[in-house]
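Okay, structure first, notes after.
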Amino acid sequence: MVSKKGVEEFSINAWPSLQTVLLDGWLLRFAEGYTRRSNSINALYEGGERSLSDKIAKCEAIYAEAGQPAIFKITPFIHPQLEGLLEERGYKSIESSLVMELEDLSAVPEPSRYEIQIGHVNQEWIDRLISMNGMSEKNGRTTMKMFERPLMKTGFFTLYDGQTAIACGLGIAKDEYVGLFDIVTHPQHRGKGAGEQLLRYILKWARDCGAKKSCLMVSRDNPPANRLYEKLNYRTIYEYSYRMRTNK
Numbered sequence: 001m002v003s004k005k006g007v008e009e010f011s012i013n014a015w016p017s018l019q020t021v022l023l024d025g026w027l028l029r030f031a032e033g034y035t036r037r038s039n040s041i042n043a044l045y046e047g048g049e050r051s052l053s054d055k056i057a058k059c060e061a062i063y064a065e066a067g068q069p070a071i072f073k074i075t076p077f078i079h080p081q082l083e084g085l086l087e088e089r090g091y092k093s094i095e096s097s098l099v100m101e102l103e104d105l106s107a108v109p110e111p112s113r114y115e116i117q118i119g120h121v122n123q124e125w126i127d128r129l130i131s132m133n134g135m136s137e138k139n140g141r142t143t144m145k146m147f148e149r150p151l152m153k154t155g156f157f158t159l160y161d162g163q164t165a166i167a168c169g170l171g172i173a174k175d176e177y178v179g180l181f182d183i184v185t186h187p188q189h190r191g192k193g194a195g196e197q198l199l200r201y202i203l204k205w206a207r208d209c210g211a212k213k214s215c216l217m218v219s220r221d222n223p224p225a226n227r228l229y230e231k232l233n234y235r236t237i238y239e240y241s242y243r244m245r246t247n248k
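The opening position of the sequence shown corresponds to residue 1 in the UniProt record's numbering, with each subsequent residue numbered one higher.
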């Protein structure tokens, strides 16, 4: 059985960065500023060689040198004093999210509508993602770099209604787990069941890869997505947020 911290480790490994720095048990991630997930400090382990204040200051210096703000990921696994120290230094809480888990993929119904295309990352898939979620071309290029050489089994999915691409997303599988990322439906096709069918296709692929469970991360402030995931029996197992300095 995978622990909650094991799920956190899986999610870090599944969603890559372009560069990492290990600092006394903390993982500092960099990916040209695209997504907080790939550009934040993960204080997953305590280390012990440095004081918390010293480590915070060192992180700030490293990110400043990289031209990025220091952003700390706040999970249930951080040192109990860390969040208070960040508060004192002017870091404010932003972007509260849920980590949800589906314990039994075998209970998920088979897809029943539309058609699916599964492939590797390429410019065509990136362009679809850009058009559906409004991301910039720069971030699209960063996404391409992040997934050019995946270390886990990764499927890039596009859902079609006839010849029209209406949703896309990616599944990343390792051992008994599959993570779902960048699930998005074209604005003109939302509310018609496309998102659920896309998830069913990804989870079917995951079962074929040997996965038994699934996890995903979703904003607390996204009720439609939360309802969809709950419909498929995803349940929240823990929450996380970020802290970012807003004054100096």
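Ideal Cβ positions, reconstructed from N, Cα and C, are used throughout, including at glycine.
Please name the residue in the options whose C-alpha comes closest to that of residue i.
{"i": "Y63", "options": "R36, K231, S106, F156", "result": "R36"}
{"i": "G155", "options": "L98, E8, S241, R207", "result": "R207"}
{"i": "K73", "options": "Q81, S93, A61, E88", "result": "S93"}
{"i": "R227", "options": "I202, E196, S17", "result": "E196"}
{"i": "T20", "options": "I41, K204, Q123", "result": "I41"}
{"i": "Y234", "options": "R141, G33, Q123, E103", "result": "E103"}
{"i": "L159", "options": "W125, V218, N222", "result": "W125"}
{"i": "V108", "options": "T143, E60, K192, L203", "result": "L203"}
{"i": "G193", "options": "S136, P224, T143, P76", "result": "P224"}
{"i": "F77", "options": "D54, E88, G47", "result": "G47"}
{"i": "K145", "options": "E32, F10, S3, V2", "result": "E32"}
{"i": "T143", "options": "C168, L232, Y34", "result": "Y34"}
{"i": "L85", "options": "S53, Q163, E9", "result": "S53"}
{"i": "M217", "options": "T75, K58, A57, P150", "result": "T75"}
Provide the residue(s) that pair with residue i in DSSP beta bridges, ordered along the chain.
{"i": "Y45", "result": "None; Y45 has no bridge partner."}
{"i": "C72", "result": "Correcting the residue identity first, residue 72 is Phe in this sequence and not Cys. Looking at the DSSP assignment, F72 forms a beta bridge with I41, R243."}
{"i": "K92", "result": "M244"}
{"i": "F10", "result": "Answer is none; F10 lacks a bridge partner."}
{"i": "V21", "result": "L28"}
{"i": "L85", "result": "None, per the DSSP bridge assignment."}
{"i": "E101", "result": "C215, R235"}
Kindly give me the distance between the Cβ atoms of residue i and residue j, rounded to whole angstroms, as I take these residues to be in contact under 8 Å.
{"i": "I12", "j": "L22", "result": "Not quite, the Cβ-Cβ distance comes to about 12 Å (not below 8 Å), so this is no contact."}
{"i": "E83", "j": "I237", "result": "Going by Cβ atoms, the distance from E83 to I237 rounds to 20 Å, so no, they are not a contact pair."}
{"i": "L170", "j": "L199", "result": "About 12 Å; that fails the 8 Å criterion."}
{"i": "T185", "j": "I166", "result": "6 Å"}
{"i": "K213", "j": "L98", "result": "Actually they do not touch by this definition, with Cβ atoms about 16 Å apart."}
{"i": "V7", "j": "C215", "result": "5 Å"}
{"i": "S17", "j": "F30", "result": "6 Å"}
{"i": "R128", "j": "C168", "result": "5 Å"}
{"i": "Y201", "j": "P111", "result": "5 Å"}
Tell me which same chain residues have a C-beta within less than 7 Å of the C-beta of residue i, skipping the five on either side of it?
{"i": "W15", "result": "R37, S38, F181"}
{"i": "T246", "result": "G90, K92"}
{"i": "K55", "result": "L23, D24, W26"}
{"i": "M244", "result": "P69, I71, Y91, K92, I94"}
{"i": "N133", "result": "V184"}
{"i": "S136", "result": "none"}
{"i": "A66", "result": "F30"}
So, for residue i: in the same chain, excluding its five sequence neighbours on each side, which residues have a beta-carbon less than 8 Å away from its beta-carbon?
{"i": "M152", "result": "N13, A14, I172, A173, K174"}
{"i": "E95", "result": "R36, S219, S241, Y242"}
{"i": "K5", "result": "L44, F77"}
{"i": "K231", "result": "E196"}
For residue i, I'd like the list of residues in its chain whose CB is within less than 6 Å of its CB, leaving aside the five on either flank, ordered along the chain.
{"i": "F147", "result": "V121"}
{"i": "E115", "result": "Y160"}
{"i": "Y45", "result": "G25"}
{"i": "Q117", "result": "T158"}
{"i": "E60", "result": "A70"}
{"i": "E239", "result": "L98"}
{"i": "V178", "result": "G171, A206, A211, S214"}
{"i": "I130", "result": "G140"}
{"i": "F10", "result": "Y177"}
{"i": "G119", "result": "F156"}
What ranges does the beta strand (DSSP E) occupy inside the UniProt domain "N-acetyltransferase" (116 to 248), keeping only unbroken runs of at least 3 residues that lie completely in it?
Taking 3 residues as the minimum length, the beta strand (DSSP E) runs contained wholly in the UniProt domain "N-acetyltransferase" (116 to 248) are 153 to 161, 164 to 174, 177 to 185, 213 to 219, 235 to 245, in order along the chain.
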